[in-house]
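Heads up, the thing below is written out as structure tokens.
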Amino acid sequence: NRNVNTTGLVNTIPWLEDNTDPLNKFKGAPDLDNSTYYKISYSHYRYNTERERQINYDVNYETTCNSLAYGYVYDKNTGIKTITPENVNGNWDAWGGFNYYFALDKGHNWTFSTYTVFNLGNNVDMIGVNNESAQRSVVHNKNLMESLNLSVNLKKIRLSAISEVSWYNATSSRADFNTVNVENYKYGINGSYQMPLQFDLSTDLTMYSRRGYQSSSMNTNDFVWNARLSKSILSNNIILSLEGFDLLHRLSNVTRTINGQGRVERFTNVIPSYLMFHCTYRLNIQPKKRPGDE
55 NRNVNTTGLV
65 NTIPWLEDNT
75 DPLNKFKGAP
85 DLDNSTYYKI
95 SYSHYRYNTE
105 RERQINYDVN
115 YETTCNSLAY
125 GYVYDKNTGI
135 KTITPENVNG
145 NWDAWGGFNY
155 YFALDKGHNW
165 TFSTYTVFNL
175 GNNVDMIGVN
185 NESAQRSVVH
195 NKNLMESLNL
205 SVNLKKIRLS
215 AISEVSWYNA
225 TSSRADFNTV
235 NVENYKYGIN
245 GSYQMPLQFD
255 LSTDLTMYSR
265 RGYQSSSMNT
275 NDFVWNARLS
285 KSILSNNIIL
295 SLEGFDLLHR
305 LSNVTRTING
315 QGRVERFTNV
325 IPSYLMFHCT
335 YRLNIQPKKR
345 PGDE
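Quick note on this note's numbering: the sequence shown kicks off at 55 and runs consecutively.
Listed below in structure tokens is the structure:
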């Protein structure tokens with residue numbers, strides 16, 4: 055797979071300076087080249103209907119020539135970043151995944167699945183400090199994730215126990231780079247129950263834990279409870295539902311993540327917890343048969 059991406063006219067205008075954000079100034083660069091993206095992938099899938107057993111795996115590799123990096127020079131005295139787009143080479147990612155799903159009993163009421171993903175990659179950017187010219191910043195990323203799921207289906211009740219652990223490591227030869235070595239955990243249960251009078255109740259309780267981050271504000275335990283109650287009326291053409299997200303108000307409206315350069319990024323969500331009512335109408339109109347149609 056090969057794709058060519060243009061740099062965008064705005065990025066190539068040398069006299070263009072965007073000072074809308076006084077702490078993040080943008081300057082165009084005239085000598086930018088188009089970037090070319092390459093990807094190679096292979097996947098294999100096998101399913102046994104009688105035993106309800108599924109196995110699939112995939113391997114992938116992607117790289118980009120002349121990647122567009124929004125490099126910057128950071129002034130520690132003023133806190134101002136001067137951002138300039140530039141072409142860089144050396145960005146690549148290689149990853150593979152393995153999924154195994156099977157029934158534990160003859161009735162296929164109990165099922166178990168495991169999903170494993172491993173990722174290696176290079177992330178290249180341009181960074182400068184205190185009015186020095188931006189230099190190449192190459193960060194080597196590693197990520198390993200394992201997810202397990204055990205489910206049981208007992209007529210009107212369905213329950214699942216889930217667990218997921220991921221390990222992330224980032225290293226670089228930069229003198230000012232702090233090695234990142236963190237773990238994220240997720241575990242909990244979810245279920246649904248078909249109640250009388252065509253009411254359906256579903257809920258999930260999940261613990262999200264983060265460990266190994268340099269900032270203590272990111273080493274958190276968040277216990278999240280979500281629930282949904284719905285009812286179908288008028289021959290299932292209308293579905294009324296009441297949904298509650300983060301009923302215990304444990305999530306923060308600020309989300310902190312680590313990007314490919316090993317730096318912490320912050321995002322703000324407007325509503326971390328809410329209660330919402332839905333009304334869904336299913337409209338299914340069959341086309342009229344024309345003469346000659348069977």
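Glycine included, every Cβ here is placed at the ideal spot set by N, Cα and C.
Using only the heavy atoms of the ligand ATP, determine whether one of them is closer than 8 Å to the beta carbon of N65. The ligand ATP is not among the ligands present in this structure, which contains no ligands whatsoever.
Taking the beta strand (DSSP E) that P139 belongs to, which residues open and close that run? Numbered from 1 along the sequence shown, position 85 holds the residue referred to as residue 139. Note, P139: beta strand (DSSP E), I134 to V142.
Assign S306 to one of two classes, buried (16 or more other C-beta atoms within 10 Å of its C-beta) or exposed (fewer than that). As a first step, residue 306 must be located in the sequence shown, where it is residue number 252. Flag for S306 reads exposed.
On a CA-only basis, which of K240, K209 and G314 is nearest Y262? Give me that one, please. Numbered from its first residue, the sequence shown carries residue 262 at position 208. Ranking K240, K209 and G314 by CA distance to the CA of Y262 puts K240 first.
Presumed contact (8 Å Cβ cut-off) between K93 and N114, rounded CB distance: Indexing the sequence shown from 1 puts residue 93 at position 39. Indexing the sequence shown from 1 puts residue 114 at position 60. Contact between K93 and N114 holds, since their C-beta atoms are separated by about 7 Å, short of 8 Å.
Could you say which of R56, E116 and Y126 lies nearest to N78 if we only look at CA atoms? Along the sequence shown, read from residue 1 onward, the residue named residue 78 stands at position 24. For the set R56, E116 and Y126, the Cα lying nearest the Cα of N78 is the one of Y126.
When the Cα of A281 is compared with those of E297, Y101 and N176, which residue comes out closest? As a working mapping, residue 281 is identified with position 227 in the sequence shown. Here the closest residue by C-alpha is E297.
Shortest alpha-carbon distance to H194 belongs to which of F231, R212, E237 and F331? What you label residue 194 is simply residue 140 of the sequence shown in a count that begins at 1. Closest option to H194, Cα to Cα, is F231.
Rounded separation between Y267 and I181 - CA only: Indexing the sequence shown from 1 puts residue 267 at position 213. Indexing the sequence shown from 1 puts residue 181 at position 127. Answer to the nearest angstrom: the Cα atoms are 22 Å apart.
Could you check which residue in G316, R320, Y335 and F321 has the C-alpha nearest to that of S295? Counting from one through the sequence shown, the residue named residue 295 turns up at place 241. The option with the nearest alpha carbon to S295 is Y335.
In chain order, what residues of the same chain have a beta carbon less than 6 Å from the beta carbon of L283, not counting five sequence neighbours either side? As a working mapping, residue 283 is identified with position 229 in the sequence shown. Answer for L283: L255 and L296, listed in chain order.
Spatial neighbours of D72 within its chain, please: C-beta separation below 6 Å, excluding the five flanking residues on both sides. Locating residue 72 in the sequence shown gives position 18, where the first residue counts as 1. If we look at D72 and ignore the five residues flanking it on each side, its Cβ neighbours are F80.
Q315 by DSSP, collapsed to three states: which one? Start at 1 with the first residue of the sequence shown, and residue 315 comes out as number 261. In the structure shown, Q315 falls within a coil segment according to DSSP collapsed to helix, strand and coil.
Please name the residue, chosen from V183, V318, Y155 and L288, that lies closest to S201 on a Cα-to-Cα basis. What you label residue 201 is simply residue 147 of the sequence shown in a count that begins at 1. The option with the nearest alpha carbon to S201 is Y155.
Reference D85; option with closest CA among N184, I67, L213 and N238: Here residue 85 is taken as the residue at index 31 of the sequence shown, counted from 1. It is I67 whose Cα lies nearest to the Cα of D85.
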